[in-house]
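S.K.:
What follows is the structure in structure tokens.
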């Protein structure tokens, strides 16, 4: 566990130059929220953007390692590939979750400020879980892509992969619309609806786990 | 870690092939308290050999034993007692020595924070400055300080002195000699600056085109080998089996012989020069037979 802690410290310290950017990012989105009020689901945007922002900032740690060609040096430490990968996934997942939590906190502040009554915490939590789920898909694709092709090419492959997912979802939506199949959140029974956050959490964990397995295979073969 | 074996590192029949490059039957033995210099031109296989020894790259066949343990089976345990400096790989230059100390104390169970800070002081390295602002010499000293602050028994160094001025090189060579003073620690160091190794290495292993051409003690190599400088006519009198290789220069032939005494007994050459490692390497690589 100490070794994973050491690797996490390495990544966090490497990213210190990003902390200023992160604070600016938070301030900008909070200001947008305050000036926009609560109309149009500003909380949703804030939570989603902060979750995305925090998650994506940590991806820079891959760049730093790549620039220093740190892989060989790190693997000369008394550790194995699993520990290297686990530390990266812990970093990315933690940052994503922290982003969502910061998003909730700032949404509450904005809500208190604008509505003058206590906001619906349950809704904010739903939005946060949904945001983490969405961002986990991007990260789960991006990390193995970085290990396979490097940061630069990996980013391009991630964009292509995400674009493909959107195309498939869009295509399915068009097909269902043409065949008069209507999906509505209202059609989901209440019982299932209340299980949705748990379902999303399990699905997110599965997505990260599958991504880790892919990354492991790629890293090992390298 | 008890290791009664007198060799700290043993490499047996190491083979590795990738793309068009092949490491062929590499055999090495490094005794305790000794420094082995790995020499050879760029692309000869020095870095690949080092990376194979460190289990950083997969090997096709062969055996690597360090401290009497199999590297494949006990890599984590072995690496606790190895200090590494790699030419082409390090941590991000955005980290300061202070940051690195925070990292390393979680990586090595034997990490000695006070010792590391002492080395930083000795090497005049600023604690809170990002290493991107360091000179080449400072960067190498930082790498070495990291490599020796957890009391390793073996240092594996890939081209640690390349790109350094003579003063910085000399300082670093002194550090290596201090390191082996206890008689228990050893160093495997690759370099294409052979004059450095002539000063500090006890053993010289010469790799060329993925093969070990020779592996001997430095004294054996520099005392037994010789260079006969002669005319074409004189060269033609020498039996092919009595020399290693020859190189034709503008006015003379440089003939590398591996047993100076024997050669002197057999032939009537008055002067046989004492070669440098550079001479030996050059004639082996560029010479003919």
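Protein chains in written order, with our numbering: chain P, 41 to 262; chain F, 13 to 301.
Ideal Cβ positions, reconstructed from N, Cα and C, are used throughout, including at glycine.
Roughly how many angstroms lie between the CA atoms of residue 44 of chain F and residue 190 of chain P, to the nearest whole one?
M.R.: The residue given as residue 44 of chain F occupies position 32 in the second chain. The residue given as residue 190 of chain P occupies position 150 in the first chain. Cα-Cα distance, rounded: 40 Å.
S.K.: Could you tell me the distance, in whole angstroms, from the CA atom of residue 258 of chain F to the CA atom of residue 266 of chain F?
M.R.: Indexing the second chain from 1 puts residue 258 of chain F at position 246. Indexing the second chain from 1 puts residue 266 of chain F at position 254. Roughly 5 Å between the two C-alpha positions.
S.K.: Mind checking which residues open and close the alpha helix (DSSP H) that includes residue 51 of chain P?
M.R.: Taking the first chain and counting its residues from 1, one reaches residue 51 of chain P at position 11. Where residue 51 of chain P is concerned, the enclosing alpha helix (DSSP H) stretches over 42-54.
S.K.: On the CB-based measure, 16 or more other CB atoms within 10 Å of its CB, does residue 228 of chain P come out buried or exposed?
M.R.: Numbered from 1 along the first chain, position 188 holds the residue referred to as residue 228 of chain P. Residue placement at residue 228 of chain P is poorly supported in this model, since its pLDDT is 49, which falls under 50; the coordinates are not used for a value here.
S.K.: Where residue 69 of chain F and residue 275 of chain F are concerned, what is the direct C-alpha to C-alpha distance, given to the nearest angstrom?
M.R.: Position 57 of the second chain holds residue 69 of chain F. Position 263 of the second chain holds residue 275 of chain F. Those two C-alpha atoms are separated by around 43 Å.
S.K.: For residue 122 of chain P, is the beta carbon positioned less than 6 Å from some heavy atom of the ligand HEM?
M.R.: In the structure on display, the ligand HEM does not appear, and there are no ligands present to speak of.
S.K.: Name the chain F residues that come within less than 9 Å of residue 217 of chain P, Cβ to Cβ?
M.R.: For the purposes of this step, residue 217 of chain P is taken as the residue at position 177 of the first chain. Within 9 Å Cβ-Cβ: nothing; residue 217 of chain P doesn't reach chain F, min ~50 Å.
S.K.: Identify the contact partners of residue 211 of chain F in chain P, using a Cβ-Cβ distance below 8 Å as the criterion.
M.R.: Along the second chain, read from residue 1 onward, the residue named residue 211 of chain F stands at position 199. By Cβ distance, chain P contributes nothing, its closest Cβ being about 26 Å from residue 211 of chain F, past 8 Å.
S.K.: Between which two residues does the alpha helix (DSSP H) carrying residue 291 of chain F extend?
M.R.: Translated into the one-based positions of the second chain, residue 291 of chain F becomes position 279. Unbroken alpha helix (DSSP H) run through residue 291 of chain F: 289-298.
S.K.: Can you tell me which residues form a DSSP beta bridge with residue 241 of chain F?
M.R.: Residue 241 of chain F sits at position 229 when you count from the first residue of the second chain. F/266.
S.K.: Taking the continuous beta strand (DSSP E) assigned at residue 172 of chain F, which residues delimit it?
M.R.: If you number the second chain from 1, residue 172 of chain F lands on position 160. Unbroken run through residue 172 of chain F: none, as it is neither H nor E.
S.K.: Contact between the stretch 60-80 of chain F and the stretch 137-147 of chain F: three or more CB pairs below 8 Å?
M.R.: At 8 Å Cβ cutoff, the stretches do not touch.
S.K.: Given a cut-off of 7 Å, decide if residue 219 of chain F and residue 57 of chain F are closer than it, judged by their beta-carbon atoms.
M.R.: Position 45 of the second chain, counted from the first residue, corresponds to residue 57 of chain F. Position 207 of the second chain, counted from the first residue, corresponds to residue 219 of chain F. Taking 7 Å as the Cβ cut-off, residue 57 of chain F and residue 219 of chain F qualify as a contacting pair.
S.K.: Is it the case that the Cβ atoms of residue 241 of chain F and residue 264 of chain F are separated by a distance below 7 Å?
M.R.: Taking the second chain and counting its residues from 1, one reaches residue 241 of chain F at position 229. Taking the second chain and counting its residues from 1, one reaches residue 264 of chain F at position 252. Yes; because the gap between Cβ atoms is below 7 Å, this pair is in contact.
S.K.: Pick out whichever of F/166, F/235 and F/249 has its Cα sitting closest to the Cα of residue 281 of chain F.
M.R.: To locate residue 281 of chain F, count along the second chain from 1; it is residue 269. Here the closest residue by C-alpha is F/249.
S.K.: Quick one: Cα of residue 195 of chain F to Cα of residue 46 of chain F, how far?
M.R.: Your numbering for residue 195 of chain F matches position 183 in the second chain. Your numbering for residue 46 of chain F matches position 34 in the second chain. Rounded to whole angstroms, residue 195 of chain F to residue 46 of chain F spans 8 Å at the Cα level.
S.K.: For residue 273 of chain F, is the classification buried or exposed, using 16 other Cβ atoms within 10 angstroms of its Cβ as the cut-off for buried?
M.R.: For this step, residue 273 of chain F is matched to residue 261 along the second chain. Label assigned to residue 273 of chain F: exposed.
S.K.: Using alpha carbons as the reference points, say which of P/173, P/165, P/140 and P/133 lies closest to residue 48 of chain P.
M.R.: If you number the first chain from 1, residue 48 of chain P lands on position 8. Comparing Cα-Cα distances from residue 48 of chain P to each of P/173, P/165, P/140 and P/133, the minimum goes to P/133.
S.K.: Bridge partners of residue 186 of chain F, per DSSP?
M.R.: Reading the second chain from its first residue, position 174 is the one you call residue 186 of chain F. None, per the DSSP bridge assignment.
S.K.: Find out if the Cβ-Cβ distance for the pair residue 258 of chain P, residue 187 of chain P is shorter than 7 Å.
M.R.: If you number the first chain from 1, residue 258 of chain P lands on position 218. If you number the first chain from 1, residue 187 of chain P lands on position 147. Closer than 7 Å, so yes.
S.K.: Please list the residues of the stretch 174-195 of chain P that have a C-beta atom closer than 8 Å to any C-beta atom in chain F, keeping them in chain order.
M.R.: Flagged: no residues at all.
S.K.: At which residue ranges does the stretch 14-60 of chain F contain complete beta strand (DSSP E) runs of 3 or more residues, listed in the order of the chain?
M.R.: Here the runs fully enclosed are 19-30, 33-43 and 47-51.
S.K.: Can you tell me which of the three DSSP states residue 69 of chain F falls into?
M.R.: Within the second chain, residue 69 of chain F is the residue found at index 57, counting from 1. Coil at residue 69 of chain F, not helix or strand.
S.K.: Between the stretch 21-28 of chain F and the stretch 192-205 of chain P, do at least 3 Cβ pairs fall closer than 8 Å?
M.R.: The answer is no - the stretch 192-205 of chain P does not touch the stretch 21-28 of chain F, with fewer than three Cβ pairs under 8 Å.
S.K.: Okay, do the stretch 189-209 of chain F and the stretch 113-124 of chain F touch, 3+ Cβ pairs below 8 Å being the bar?
M.R.: Contact between the stretch 189-209 of chain F and the stretch 113-124 of chain F is absent, because fewer than three Cβ pairs lie under 8 Å.
S.K.: Between the Cα of residue 51 of chain P and the Cα atoms of F/253, F/278, F/115 and F/153, which residue gives the shortest distance?
M.R.: Residue mapping note: residue 51 of chain P aligns to position 11 of the first chain, counting from 1. If we check each option's Cα against that of residue 51 of chain P, F/115 comes out closest.
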